[in-house]
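J.:
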Amino acid sequence: MNRSFIPALLSVMATTSCYALALQLHRKWRAFPPIVGACIPIMAALWLLRVPYAEYNRGGTLLTWWLGPATVALAVPMYRNGLALRGMLPRLSLVVLAGSITGMVSAGVTAWLLHAPLPVIMSTVPKSVTTPIAIEVSRQLRGIPQITIAMVILTGVLGATCGTYFLKLARIRNDRAIGAAIGTSSHGIGTASLIRQSELRAAVSSWAMAAAGVFTSILGASLSFLLR
Amino acid sequence: MKTSLDFALGVGIIVVIFLLGDFLHRIGVPVPGGVLGLLLFYAALQLRIIRLEWVDRAAGFLLRHMVLLFIPLTVGLMDMGGVLSRQFGAICLSLVVSFVAVLLVTGLLGQRLLGPPEDAPGAEGQL
């Protein structure tokens, strides 16, 4: 057996165990998001044992790779709810387009007002969409992909932890509006948090997330063309 | 035994579609492989090339545990402290402002265009 295979397997097993544990905690205290519960013990263990992240991530990429197939699998709730959603798809696309433009402009303008350097401003622009799309748009705009990755994940965690509460505060109660808002603002991490709440929310959110990804990659490509 | 075979078949179908999407991306389509795969998979389900019952359980499993797949990337935040701390204020504020703006614009516009609140009377059948 290959020697590098064992630590990779170990980090997959450790990650999966922490995830299982975080799910148990989440079952007891609903407000406790699994993503936070799973990451804290792993970060603590890596820090205490002085294991570099790159070492852990050799196994980690085995899990990260499955984000591709999982994105593809989103077609199933989209299809299953397709009949219910069919009549609203043009309106939903309009809502998502408005949200995507708002996200790109507000992120960039806020960073610009705070005198951030241009590459940092560009890194903030694609932060609302799923990681692979965001990285590409960031590269096209000559941003710093690492900053974009960090922002994408933090936005997703923010959406998964406080998105629903925040929408409740703003008196947004419609399941379709909630799905659209979470999918557009916090991509896969937000959508994943809705799957356990309601199938309709998750389906609309999957639609919104996919549409936001497509819109943002097109808008990003056009913007980079204009800036050339 | 039969159900685990079904499950493996479903996962296999999804992985093949993802690889197809990824291939299309590599040869020049500017949309990422996962999103292309999603569109292809949706079209295949819609056209009944792939039946829902072949992939239902596998897709459900992948989606229920999607959070697990985000863990390694999220743990990677611990290595980004340096990059983040240099522009900490700008990055955090832009993140929060933009998050709230998107949530409000999409949610309020969605509430307007996508139907009445679920708890309002007569909300049924108004998709």
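Residue numbers (our numbering), protein chains in the order written: chain Y, 1 to 228; chain L, 1001 to 1127.
Idealized CB from N, CA, C, for every residue including glycine.
Buried or exposed for Tyr165 (chain Y), going by 16 or more other Cβ atoms inside 10 Å?
T.: Exposed, because fewer than 16 other Cβ atoms sit within 10 Å of the Cβ of Tyr165 (chain Y).
J.: In terms of alpha-carbon separation, which member of L:Thr1106, L:Ala1090, L:Leu1108 and L:Val1105 lies closest to Val125 (chain Y)?
T.: Ranking the options by Cα distance to Val125 (chain Y), first place goes to L:Ala1090.
J.: From this set, Y:Arg30, Y:Arg27 and Y:Gly37, which residue's C-alpha is nearest Ser17 (chain Y)'s C-alpha?
T.: When each option's Cα is compared against that of Ser17 (chain Y), the closest is Y:Gly37.
J.: So what's Ala170 (chain Y) in DSSP terms, helix, strand or just coil?
T.: Here Ala170 (chain Y) sits in coil by DSSP.
J.: Check whether the Cβ atoms of Leu63 (chain Y) and Ile1071 (chain L) sit closer than 9 Å, and answer yes or no.
T.: Yes, Cβ-Cβ distance for Leu63 (chain Y) and Ile1071 (chain L) is below 9 Å.
J.: Would you check if the distance between the CB atom of Val96 (chain Y) and the CB atom of Phe215 (chain Y) is smaller than 9 Å?
T.: Yes, they are a contact pair.
J.: Tell me, please, whether the CB atom of Met1 (chain Y) is closer than 9 Å to any CB atom in chain L?
T.: At Met1 (chain Y), the pLDDT of 49 sits below 50, so the modelled position is not reliable and the matter cannot be decided from this model.
J.: Thinking Gly183 (chain Y) and Met151 (chain Y) are a contact (beta carbons under 8 Å), I'd like their distance in whole angstroms, please.
T.: The pair is not a contact, with the Cβ atoms about 17 Å apart (cut-off 8 Å).
J.: If we call anything under 9 Å between Cβ atoms a contact, is Ser217 (chain Y) one with Val1035 (chain L)?
T.: It is a contact, given that the beta carbons lie within the stated cut-off.
J.: Assuming Leu1073 (chain L) contacts Arg91 (chain Y) under a Cβ cut-off of 8 Å, what Cβ separation, rounded to an integer in Å, is found between them?
T.: Not a contact, Cβ separation roughly 33 Å.
J.: Within its chain, find whatever has a CB closer than 6 Å to the CB of Gly103 (chain Y); leave out the 5 residues flanking it on each side and keep chain order.
T.: Result list for Gly103 (chain Y): Ser128, in chain order.
J.: If we define contact as Cβ-Cβ less than 9 Å, is Met122 (chain Y) a contact residue for chain L?
T.: No, its Cβ sits nowhere closer than 9 Å to a Cβ of chain L.
J.: Listed in chain order, which residues of the stretch 185-215 of chain Y have Cβ atoms closer than 7 Å to some Cβ of chain L?
T.: Cβ contacts with chain L come from Ser185, Gly188, Ile189, Ala192, Ile195, Ala210, Gly213 and Val214.
J.: Using a Cβ-Cβ distance cut-off of 9 Å, determine whether Trp47 (chain Y) contacts chain L.
T.: So, interface residue.
J.: Identify whether Leu1047 (chain L) lies in helix, strand or coil by the three-state DSSP scheme.
T.: Correct three-state label for Leu1047 (chain L): coil.
J.: For Lys1008 (chain L), would you say it is in contact with chain Y, using Cβ-to-Cβ distances shorter than 9 Å as the test?
T.: Looking at the sequence itself, residue 1008 (chain L) is Ala, so the reference to Lys does not match. Cβ-Cβ to chain Y under 9 Å: no for Ala1008 (chain L).
J.: Can you confirm whether Met13 (chain Y), when its beta carbon is compared against all beta carbons of chain L, has any partner nearer than 9 Å?
T.: Answer no: the Cβ-Cβ gap between Met13 (chain Y) and chain L never drops below 9 Å.
J.: Taking the alpha helix (DSSP H) that Thr71 (chain Y) belongs to, which residues open and close that run?
T.: Run containing Thr71 (chain Y): Leu67 to Ala73, per the alpha helix (DSSP H) assignment.
J.: In angstroms with no decimal places, state the Cα-to-Cα distance between Arg1026 (chain L) and Val1016 (chain L).
T.: C-alpha separation (whole angstroms): 15 Å.
J.: Measuring straight from C-alpha to C-alpha, what distance separates Val1067 (chain L) and Ala160 (chain Y)?
T.: Using only the alpha carbons, I get a separation of about 10 Å.
J.: Quick one: list the residues of chain L neighbouring Phe166 (chain Y), beta-carbon separation under 7 Å, in chain order.
T.: Near Phe166 (chain Y) (Cβ distances below 7 Å), the residues of chain L are Leu1103.
J.: Kindly list the residues whose CB is nearer than 8 Å to the CB of Leu10 (chain Y), restricted to its own chain and excluding five residues on each side of it in sequence; keep chain order.
T.: The residues are Gly59.
J.: Roughly how many whole angstroms lie between the Cα atoms of Val1105 (chain L) and Gln1111 (chain L)?
T.: Approximately 10 Å, taken between the alpha carbons.
J.: I believe Phe1007 (chain L) touches Ala75 (chain Y) by the beta-carbon criterion, under 8 Å. Please report the beta-carbon distance rounded to the nearest angstrom.
T.: That belief does not hold up - the Cβ atoms of Phe1007 (chain L) and Ala75 (chain Y) are roughly 17 Å apart, past 8 Å.
J.: Compare the Cα-Cα distances from Asp1056 (chain L) to each of L:Val1031, L:Gly1082, L:Gly1012 and L:Val1083 and report the closest residue.
T.: Nearest C-alpha to Asp1056 (chain L): L:Gly1012.
J.: Check whether the stretch 80-90 of chain Y touches the stretch 1077-1093 of chain L, counting contact only when three or more Cβ pairs, one atom from each stretch, lie closer than 8 Å.
T.: Output reads no: the stretch 1077-1093 of chain L does not touch the stretch 80-90 of chain Y.
J.: DSSP three-state call for His1065 (chain L): helix, strand or coil?
T.: It is coil, neither helix nor strand.
J.: Going along the chain, which residues of the stretch 28-45 of chain Y sit with their C-beta nearer than 8 Å to a C-beta in chain L?
T.: Answer in chain order: Pro34, Ile35, Ala38, Cys39, Ile42 and Met43.
J.: Mapping DSSP to helix, strand and coil, what is Arg1086 (chain L)?
T.: Three-state result, Arg1086 (chain L): helix.
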